[in-house]
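**Q** Protein chains in written order, with my numbering: chain R, 35 to 305; chain B, 2 to 254.
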Amino acid sequence: MLRELGLKGREHDLNGNAIVVDGVSKTFKIPHERKITVFEHLAGLVKGNAYTYEQFDALQDLSFSVKHGETFGVIGPNGCGKSTLLKVVAGVLYPDKGQIRLNGKVAPFLELGVGFQPELSAKDNVYLYGAIMGLTRKEIDRRYEEIMEFSELKRFESMKLRNFSSGMYVRLAFATAIQTDPDIMLVDEVLSVGDEAFQKKCGEKIDEIRRAGKTIMLVSHAMGTVGALCSRCLLMKQGRIMALGGTEEVLAEYTRITNEVSGNAAEKAEQ
Amino acid sequence: MWIVEYRELIKILTISDLKVKYQSSVLGFAWSLLNPLLMMLVLYLVFSNIFKATQDSFALYLLIGIVSWRFMANGTTSAMTSIVGKSSLVTKIYIPRQILVLSSVLSSFISSILEFLVLVPLLLILGAGISPYILLFPVIHIIYFMMVYGISLALAALYVYYRDLSQIWDLLMQMGFFLSPIVYPLSTVPDQYLGYYMLNPVTALIQMYRSTLLYHSLPSASEAILALSASAAMMILGSLLFKKLERRFAEEI
């Protein structure tokens with residue numbers, strides 16, 4: 035991916051950082067009445083209730099950086115903004131304030147198999163998905179065999195995707211995505227792919243990528259995964275940074291908060 | 002530059018768009034050609050018999066007008082929904098979003114070239130002949146492409162926010178058909194309205210296609226300048242608007 039932000043980062047080198055998040059805020063405006071036509075906008079102007087909305091501050095003035103070769107975990111309760119953060123870093127959402135700087139080629143794993151077309155064969159879909167990830171035809175040609183081998187779907191390469199089981203579907207997607215050779219991987223809880231054997235294979239692959247010195251930013255609920263993979267972690271709550279540091283401390287902090295919340299609830303129940 | 006980096010994706014999306022349009026068959030393409038030919042036939046019968054049009058080679062005159070207009074009408078109409086129609090490529094992953102618009106317009110561009118190609122044998126059969134000026138066709142068509150692409154960028158971005166734009170645009174395109182010199186010659190437009198009339202950017206282009214293909218002459222310099230500057234303006238305005246609106250696509254879609 036060659037985003038303007040990424041290019042800028044490449045020039046500045048970012049002092050050995052792969053991702054720099056600098057004062058990023060993101061607010062969603064949720065209108066009371068969603069207007070999606072010209073007519074509704076005009077009608078709203080006449081009635082005078084044109085633009086009332088709720089504000090939801092998904093990210094509030096976040097600043098942190100991820101070093102090259104680091105596996106960085108983002109944890110927090112539901113709705114704390116971790117997925118929004120990942121989408122902002124991936125470039126899907128634009129921050130309202132602040133800046134994201136990236137140094138290197140980014141592959142977002144927000145959802146696997148984006149753009150897959152059920153009417154095309156597995157082979158065509160590999161080429162399509164590779165192209166979406168920014169690969170040229172030659173690059174995909176070179177990696178095709180490996181993709182098919184990793185996904186264990188060589189026999190089905192000319193089968194239409196709509197006849198695939200959901201397990202086969204994600205295997206194909208994961209195998210293709212992993213071959214894009216990114217410098218920075220953004221992963222959103224997609225590690226739970228396929229059956230146990232394939233999960234193990236994926237885990238090994240990610241470990242291999244990690245050891246090859248690539249940067250990984252991982253958003254997850256699975257404390258076990260985060261604990262095993264990440265060297266540093268960020269704990270978020272209501273769009274803010276609660277804790278940032280070594281994985282063990284941050285996980286301990288998260289457990290403390292969770293217990294506090296459930297402790298409070300238990301106390302209330304007793305009363 | 003995103004066009005170079007994502008050339009493979011642009012190619013795949015354009016081809017799959019064409020495949021859908023022609024249902025992967027030669028017959029599908031024949032059907033799509035039938036539309037302009039029938040349109041020409043009806044208009045020819047009506048205007049030569051009822052309105053007594055006296056243009057030389059009126060059938061070809063009409064057909065060139067219709068085929069050139071179709072690129073604008075079909076190109077912008079299908080590109081308008083290109084962002085909304087592929088929403089997962091906007092909300093689930095980052096690709097330069099212009100790719101979606103570009104590949105849609107490219108597919109219409111290729112369709113349009115094919116339609117013009119069918120025009121060539123008709124030029125010979127109906128006695129108009131072919132001159133070296135036909136070599137200017139690629140240049141004119143690329144200028145036209147830039148115009149359609151610029152307008153499509155603006156429409157596709159606006160459509161994310163205003164979903165009734167498709168109805169409004171349909172209406173504008175219908176009006177545009179009769180406000181362009183397709184069924185009547187430009188010379189019949191009264192002088193006092195000519196200034197406003199020329200604001201329609203397609204007018205100059207239709208004139209240029211006719212000069213080179215039918216009248217075997219160079220397009221007039223004023224038409225060429227008008228078409229070129231209109232195209233450049235559409236490209237710039239369309240890109241600026243797209244850049245601005247693109248920021249909230251993923252939230253609004």
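Where a beta carbon is used, it is the ideal one built from N, C-alpha and C, also for glycine.
(1) Mark B/Ile141 as exposed unless 16 or more other C-beta atoms lie within 10 angstroms of its C-beta, in which case mark it buried.
(2) Using a Cβ-Cβ cutoff of less than 8 Å, which residues in the same chain neighbour B/Ser26 once the five nearest sequence positions on both sides are dropped?
(3) Can you give me, in chain order, the residues of the region 149-183 of chain B that have a beta carbon less than 8 Å from any beta carbon in chain R?
(4) Return the chain-ordered list of same chain residues with a C-beta closer than 7 Å to the C-beta of R/Gln89, the five sequence neighbours on each side being excluded.
(5) Let's test the definition: count the other Cβ atoms within 10 Å of the Cβ of R/Met270 and tell me whether it reaches 16, buried, or not, exposed.
(6) Mind checking if B/Lys93 is an interface residue toward chain R, Cβ cutoff 8 Å exclusive?
(7) My output table needs one value for B/Asp165: the three-state DSSP class, helix, strand or coil.
(8) Could you tell me the alpha carbon to alpha carbon distance between R/Pro152 and B/Lys22, rounded to whole angstroms?
(9) Got a sec: is the Cβ-Cβ distance from B/Tyr23 to anything in chain R below 8 Å?
(10) Check the Cβ of R/Phe90 against every Cβ in chain B and list those closer than 9 Å, keeping chain order.
(11) If we ignore side chains and look at the alpha-carbon of each, how far apart do B/Ser104 and B/Glu253 end up?
(12) Does R/Ile243 get closer than 8 Å to chain B when you measure Cβ to Cβ?
(13) Just by C-beta distance, which residues in the region 7-21 of chain B are closer than 9 Å to chain R?
(14) Per DSSP, which one or two residues make a beta bridge with R/Ile218?
(15) With H, G and I counted as helix, E and B as strand and the rest as coil, what does DSSP make of R/Asn49?
(16) Got a sec? Which residues, its chain only, sit under 8 Å from B/Gly151 by beta carbon, not counting five neighbours each side?
(17) In three-state terms, what does DSSP make of B/Gln208?
(18) Under a three-way DSSP split, which group does B/Met236 fall into?
(19) What does the alpha-carbon distance come out to for the pair R/Ser192 and B/Ala222?
(20) Please state if the CB of R/Ala141 and the CB of R/Leu206 are separated by a distance shorter than 8 Å.
(21) Can you find a C-beta in chain B that's less than 8 Å from the C-beta of R/Ala52?
(22) Cα separation between R/Leu154 and B/Ser112?
(23) Which residues, taken in chain order from the region 61-93 of chain B, show a beta carbon closer than 9 Å to some beta carbon of chain R?
(24) Give me the Cα-Cα distance between R/Met116 and R/Glu283, rounded to the nearest whole angstrom.
(25) How many Å lie between R/Gly50 and R/Phe190 at the Cα?
(26) Only counting runs of 3 or more residues, tell me where the beta strand (DSSP E) segments fall wholly within the region 244-295 of chain R, in order along the chain.
(27) When you compare the region 109-128 of chain B with the region 188-208 of chain B, are there three or more beta-carbon pairs, one atom per stretch, that lie closer than 8 Å?
(28) Can you tell me whether DSSP reads R/Arg135 as helix, strand or coil?
(29) Under 8 Å between beta-carbons, which chain R residues line up against B/Arg248? List them in chain order, please.
(30) For R/Thr105, which residues does DSSP report across the bridge?
(31) B/Gly86: which of B/Asp171, B/Pro97, B/Val119 and B/Tyr160 sits nearest, CA to CA?
(32) Closer than 8 Å by C-beta to B/Leu242: which residues in its own chain qualify, once you throw out the five before and the five after it? Chain order, please.
(33) Under a three-way DSSP split, which group does B/Ala129 fall into?
(34) Any beta carbon of chain R sitting closer than 8 Å to that of B/Ile96?
(35) Cβ of B/Glu116 less than 8 Å from any chain R Cβ?
(36) So for R/Lys210, helix, strand or coil by DSSP?
**A** Concretely, from the data shown:
(1) buried
(2) none
(3) Tyr162, Tyr163, Arg164, Asp165, Leu166 and Ile169
(4) Thr61 and Lys63
(5) buried
(6) yes
(7) coil
(8) 17 Å
(9) no
(10) Residues of chain B passing the Cβ test: none, with the nearest at roughly 11 Å.
(11) 22 Å
(12) no
(13) Tyr7, Arg8, Glu9, Leu10, Ile11, Lys12, Ile13, Leu14 and Ser17
(14) R/Val140 and R/Thr249
(15) helix
(16) Ser232, Ala234, Met235, Met236, Ile237, Leu238, Gly239 and Ser240
(17) helix
(18) helix
(19) 54 Å
(20) no
(21) no
(22) 22 Å
(23) Lys87, Ser89, Leu90, Val91, Thr92 and Lys93
(24) Contrary to the premise, residue 116 of chain R reads as Lys rather than Met in this sequence. One C-alpha to the other measures close to 19 Å.
(25) 43 Å
(26) 249-253, 266-271 and 274-280
(27) no
(28) strand
(29) Tyr128
(30) R/Ile250
(31) B/Tyr160
(32) Leu154, Ala155, Ala158 and Leu159
(33) coil
(34) yes
(35) no
(36) The displayed chain sequence assigns Thr, not Lys, to residue 210 of chain R. In the structure shown, R/Thr210 sits in a helix (DSSP, three-state: H, G or I).
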